[in-house]
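Written as structure tokens, this is what we have:
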């Protein structure tokens, strides 16, 4: 009997930071999923039956597995370990990876201490930055445009708080980028992808003055220039236009 | 030269769900840390220099490592792997583990699919439940009591929303507990500990009617009866008294 193989599929929202983090991961691995676009506040019954948490992204692997959420997906890829195992599980066909920049070899590189440091930073972005900045910006600036039920003007006090938080986070990214080659250490890791995923949404929404944070800017330029990032720069959400510099590599 | 060994130390807040999850993990591993009690909204400079995210818990291992946050700590323990490695890193002296109930052998038991399922559920509690229930309850019912600067009456609308969310989460726990021996599958895992950590705070605050959710209650009784849970049942926060059933094993 021939194993029935499906297409690798990613259900995501273009401005969801967790979805973007996993899109970057798949891109670094040379994998090109088929995309299913959804909005986090308008998920249908089929989606909710598969993932009652109603969270994004959801990855359907070539061998029929369902991976739910960025945490389970990233650690699953780490558990698989070898390129061959990842390929067998995810890739529908042999993939050629663009070698214009060095590929990310593993999501959590180095020894157990380096891995803990990378995970500390991922937690920073997926838990703290998400709550203090990403979700607030999406709630005030994106949802009211796309979701008629919540249509209203942004709450000025909420936006002010999110902006103040964003400044603090950017200064910490700058501090790290000044001390280290990549946020987690000498090698690029999932921490860089997760951080860039969140920051790219604030950037899409015109909330970042890069000139104020030169070290953070240099680091972001490095991540933004990677082939895995290109599809994110082409994202457009109707009714929410990014600033001119959003898609520029030299910004 | 003799390696300088320190005492295992956990900096935590008694009603922080992430702190509780790691207390349960350490308890299951037979480790008894020295506790440093802090309040998440009143962290001092020394703490913030070590952990600028201002998140809890922070674990200082016997060999001088600093582990920041529940995510990095739990995955670090998984990376260590063997009991011996965990012991060498964490335990100040040989520990005797109470064997009245079967110990948790590994935080993420089973094959890679089981591990992904456990992590899906951890994400559910640490990201979704935390945002929709734990942080809301702490913000409305605990912080105003302990933190003079924010002293005020709870916001009725926020509490109503958190309670409605809690009902949905409890029904999902009940659904899982009806289908499976433990939340993640046949074996107890970190998913049970993380879920119980969050629920134990809602329970401390008198927000759970266990009679409404009998399957969830049976599962919670199992976790609550473990020796690792006992210290949590003895926690008391000044000015916030738990209901009578909080510390009872037969509730």
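Chains as they are written, first to last, in our numbering: chain Z, 1 to 251; chain S, 1001 to 1251. For each residue, glycine too, the CB sits at the ideal point set by N, CA and C. What you are looking at is a predicted structure, and each value in this text was computed from that prediction instead of being measured.
I need the straight-line Cα distance from residue 223(Z) to residue 216(Z), nearest angstrom please.
Distance between the alpha carbons of residue 223(Z) and residue 216(Z): 11 Å.
DSSP beta-bridge partners for residue 1068(S)?
Paired residue(s): 1058(S).
With a threshold of 9 Å between beta-carbons, can residue 1246(S) be considered close to chain Z, or not?
No, residue 1246(S) does not count as interfacial toward chain Z.
Contact defined as beta carbons within less than 8 Å: I believe residue 251(Z) pairs with residue 195(Z). What is the distance between those atoms, to the nearest angstrom?
Residue 251(Z) to residue 195(Z), Cβ: 17 Å. No contact.
At a CB-CB cut-off below 9 Å, which residues of chain Z make contact with residue 1076(S)?
Chain Z residues near residue 1076(S): 112, 113, 115, 116, 119.
Which residue comes first and which comes last in the alpha helix (DSSP H) that contains residue 175(Z)?
156-179 is the span of the alpha helix (DSSP H), which, as asked, contains residue 175(Z).
Mark residue 84(Z) as exposed unless 16 or more other C-beta atoms lie within 10 angstroms of its C-beta, in which case mark it buried.
Answer is exposed; the Cβ neighbour count stays below 16.
With a threshold of 6 Å on Cβ separation, who are the neighbours of residue 245(Z) within its own chain once the five nearest residues in sequence on each side are excluded?
Closer than 6 Å at Cβ, skipping near neighbours: 251.
Based on DSSP bridge pairs, tell me the residues matched to residue 10(Z).
For residue 10(Z), which the question treats as bridged, DSSP gives the partners 35(Z), 59(Z).
Count the other C-beta atoms from every protein chain shown that fall within 10 angstroms of the C-beta of residue 1100(S), then say buried if there are 16 or more, exposed otherwise.
Note on residue 1100(S): pLDDT 45, under 50, position unreliable in the model; the coordinate value appears next. So residue 1100(S) counts as exposed.
Mind checking the region 1123-1143 of chain S against chain Z and listing, in chain order, the residues whose C-beta falls within less than 9 Å of any C-beta there?
The residues in question are 1123, 1124, 1126, 1127, 1128, 1130, 1131, 1135.
With 9 Å set as the bound, which would you pick, yes or no: does the beta-carbon of residue 80(Z) sit closer than that to a beta-carbon of chain S?
It does: the Cβ of residue 80(Z) has a partner Cβ on chain S nearer than 9 Å.
What does residue 172(Z) touch in chain S if you count any residue whose Cβ is under 8 Å from its own?
Per Cβ cutoff of 8 Å: 1052.
Is any beta-carbon of chain S found at less than 9 Å from that of residue 215(Z)?
Chain S contact via Cβ: absent.
Measure the C-alpha to C-alpha separation of residue 197(Z) and residue 69(Z) and round it to an integer number of angstroms.
Distance between the alpha carbons of residue 197(Z) and residue 69(Z): 14 Å.
Could you list which residues in chain A have their beta carbon closer than 9 Å to that of residue 1159(S), in chain order?
The structure shown has no chain A; the protein chains it does contain are Z and S.
Go through its chain and collect everything with a Cβ distance to residue 177(Z)'s Cβ below 8 Å, but skip five positions before and after it.
Correct list, in chain order: 183, 215, 216, 218, 219.
Measure how close the beta-carbons of residue 1202(S) and residue 1233(S) come, nearest whole angstrom, since I'm counting them as under 8 Å.
Their Cβ separation, rounded to whole angstroms, is 15 Å, which puts residue 1202(S) and residue 1233(S) out of contact at 8 Å.
Cβ of residue 1166(S) less than 9 Å from any chain Z Cβ?
No, its Cβ sits nowhere closer than 9 Å to a Cβ of chain Z.
Leaving out five residues before and five after residue 1109(S) in sequence, what residues of the same chain have Cβ atoms less than 7 Å from its Cβ?
Once the five neighbours on either side are set aside, the close Cβ partners of residue 1109(S) are 1187, 1189.
Within 9 Å (strictly less), CB to CB, does residue 1188(S) reach chain Z?
No - not a single Cβ of chain Z is within 9 Å of the one on residue 1188(S).
Taking the DSSP output, what are the residues bridged to residue 1182(S)?
Per DSSP, 1185(S).
Along chain Z, which residues have their Cβ under 7 Å away from the Cβ of residue 943(S)?
Nothing about residue 943(S) can be read from this structure; chain S reaches only from 1001 to 1251.
Using beta-carbon positions only, say whether residue 1019(S) and residue 1031(S) come within less than 9 Å of one another.
Not closer than 9 Å, so no.
Is the Cβ-Cβ distance between residue 228(Z) and residue 60(Z) less than 9 Å?
Taking 9 Å as the Cβ cut-off, residue 228(Z) and residue 60(Z) do not qualify as a contacting pair.
Can at least three beta-carbon pairs, one atom from the region 1125-1135 of chain S and one from the region 1159-1173 of chain S, be found at a separation below 8 Å?
Counting Cβ pairs under 8 Å, three or more are found: they touch.
Hey, out of 1066(S), 1033(S), 1034(S), whose CA is closest to residue 1048(S)'s CA?
Selected option, being the one with the closest Cα: 1066(S).
Compile a chain-ordered list of the residues in the region 1193-1219 of chain S whose CB is closer than 7 Å to at least one CB of chain Z.
Correct list: empty, as no residue qualifies.
Name, please, each residue of chain S whose Cβ falls closer than 8 Å to the Cβ of residue 106(Z).
Neighbours of residue 106(Z) on chain S: none; closest Cβ ~13 Å, over 8 Å.
Just verifying my parser: in three-state terms, what is the DSSP assignment at residue 1240(S)?
The answer is strand: DSSP assigns residue 1240(S) an E or B state.
The ligand MG and residue 1217(S): does any heavy atom of the ligand fall closer than 8 Å to the residue's C-beta?
Absent from the structure shown: the ligand MG. Ligands present: none.
Residue range of the alpha helix (DSSP H) that residue 1219(S) falls in?
Residues 1214-1224.
Does DSSP put residue 257(Z) in a helix, in a strand, or in coil?
Any property of residue 257(Z) remains undetermined from this structure, which presents chain Z solely from 1 to 251.
Closer than 8 Å by beta-carbon distance: list the chain Z residues that pair up with residue 1153(S), in chain order.
Those do not exist, as residue 1153(S) stays about 20 Å from chain Z at its closest Cβ, beyond 8 Å.
Using alpha carbons as the reference points, say which of 1035(S), 1248(S), 1014(S) lies closest to residue 1142(S).
Ranking the options by Cα distance to residue 1142(S), first place goes to 1014(S).
Would you kindly work out how many angstroms separate the C-alpha atoms of residue 58(Z) and residue 16(Z), rounded to a whole number?
Cα-Cα distance, rounded: 12 Å.
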